[in-house]
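In terms of UniProt numbering, the sequence shown is residues 1 to 297.
Think of the CB as a built atom: it goes at the ideal place given N, C-alpha and C, for glycine as much as any other residue.
Here the structure is laid out as structure tokens; the discussion comes afterwards.
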Amino acid sequence: MKSLTVGDLEDCLLNKVDLRRQKISQAVEEVQKVVHHLTTNISSQDIRFQAVPYSDTYNENIKVLAPSQFLVTVPVKGLAGYREAREQRWRYYTLQGTRLPCPLRDPEGLQQWLEVEQFMKSLWQWHETDVNIDGDIVPAKVLLVFRKLVENAIRTCHLSGKVSMLGNRSAVWVAVETSAYPVELELVPTVEIPTTWSEKARWPRCLQRWPSQERVECIKTVLFWTCEKYPHFKDWQVFSKAFLRLVRKLHKCVSQHFLKHYFVRNSNLFQCTNPIELDAVAQKVSTFLKNPQISPP
């Protein structure tokens with residue numbers, strides 16, 4: 001009987017990792033279509049909720065928390081120009097969205113709220129009593145409205161055989177049957193509230209901008225593929241060697257004008273990138289690799 005070598009075990013491990021990645025990729029693709037279908041219907045029912053767009057690359061509204069558990073953020077519409085309240089007035093609400101007559105211990109554990117007056121622009125629908133109590137937008141009441149919209153959308157879109165509501169949860173959860181495996185989704189309405197970056201923060205450095213979202217996605221993808229090729233702890237113990245592996249992988253991708261998305265099949269993150277710019281980056285990375293002791297030009 002032939003004995004297994006270390007190489008055989010590594011090949012087996014990589015095959016399992018690749019198979020798992022393909023299943024996750026398939027689940028993400030199917031979940032995206034379901035979420036887009038549902039939220040488009042929800043938006044037509046209630047203008048306060050926007051549809052989650054479908055993307056054949058990275059979708060910032062869908063986060064994979066675990067292979068069978070996704071977080072989906074549904075942006076709300078009609079609340080713009082947020083400003084901090086001059087005075088903080090504590091109010092107390094239950095998880096069912098009703099106001100309590102007296103303070104309780106640990107109020108931070110209860111649902112928070114937003115004052116409509118804190119937004120310079122707001123749709124009149126946010127002043128309705130189904131989500132508003134005395135000028136406060138109560139998240140628990142928003143979730144009650146949103147839950148009913150999701151239930152209606154599942155029926156209207158004829159997805160009852162594929163999508164089902166998960167009960168006995170304070171948040172809105174649905175189960176989706178994909179061809180790969182069942183997936184649970186938490187659907188969370190979100191409002192964008194810009195905040196200021198701490199003055200004590202050292203990054204981004206002075207006179208330098210934040211990396212673009214596209215650049216961050218590409219660097220993350222290079223890291224994912226490199227981790228898959230080098231899955232062992234010993235491969236990452238020496239930072240200089242590990243860093244050069246990442247740089248070499250980056251050089252290969254920009255030279256070939258091709259960076260395969262880690263989760264979405266048949267997608268190239270460099271598809272819309274100027275080839276001349278990619279060649280220029282490849283040249284800079286090549287120069288760095290010839291002498292890694294110096295800073296990249």
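Alpha carbon to alpha carbon, how far is residue j from residue i? Give it in angstroms, no decimals.
i, j, result
"Ala153", "Gln283", "51 Å"
"Thr73", "Arg245", "34 Å"
"Glu117", "Gln50", "22 Å"
"Ser122", "Ile137", "11 Å"
"Leu100", "Val188", "24 Å"
"Arg21", "Arg91", "46 Å"
"Glu228", "Met120", "48 Å"
"Asp46", "Asn274", "40 Å"
"residue 305", "Leu65", "Any question about residue 305 goes unanswered here, given that the chain covers just 1 to 297."
"Tyr54", "His261", "15 Å"
"Lys77", "Ile276", "39 Å"
"Thr226", "Asp134", "54 Å"
"Cys253", "Phe233", "24 Å"
"Gln293", "Ser240", "10 Å"
"Pro139", "Trp113", "6 Å"
Can you have a look at residue i and say buried or exposed, based on whether 16 or more other CB atoms are within 10 angstroms of its CB?
i, result
"Arg169", "exposed"
"Phe263", "buried"
"Leu19", "exposed"
"Ile219", "exposed"
"Asp279", "exposed"
"Asn41", "buried"
"Leu166", "exposed"
"Gln32", "buried"
"Phe70", "buried"
"Thr39", "buried"
Within the present structure, is the beta-carbon of residue i separated from the nearest heavy atom of the ligand MN by less than 8 Å?
i, result
"Ser267", "Judged by which ligands are present, the structure shown has none, so any question about the ligand MN falls away."
Excluding five sequence neighbours on each side, which residues of the same chain lie with their C-beta closer than 6 Å to the C-beta of residue i?
i, result
"Tyr58", "Glu217"
"His37", "Cys157"
"Asp56", "Ser267"
"Ser164", "Ala175"
"Ala27", "Thr178, Ala180 and Val183"
"Gly81", "Phe119, Met120 and Lys121"
"Lys249", "Val222 and Thr226"
On a CA-only basis, which of the options is nearest residue i? Give me that one, please.
i, options, result
"Val247", "Phe224, Leu289 and Gln69", "Leu289"
"Asn268", "Phe258, Asn274, Leu71 and Pro275", "Phe258"
"Ile62", "Glu84, Ile24 and Leu143", "Ile24"
"Phe146", "Ser43, Gln237, Cys253 and Gln213", "Ser43"
"Lys162", "Asn291, Glu29, Val34 and Pro292", "Val34"
"Glu60", "Glu214, Gln256 and Asn291", "Glu214"
Near residue i, what residues of its chain come up, given a Cβ to Cβ distance below 7 Å and the 5 sequence neighbours on each side ignored?
i, result
"Ser68", "Tyr181, Pro182, Val183 and Glu184"
Based on the DSSP output, what are the partners of residue i in its beta bridges?
i, result
"Tyr93", "Arg99"
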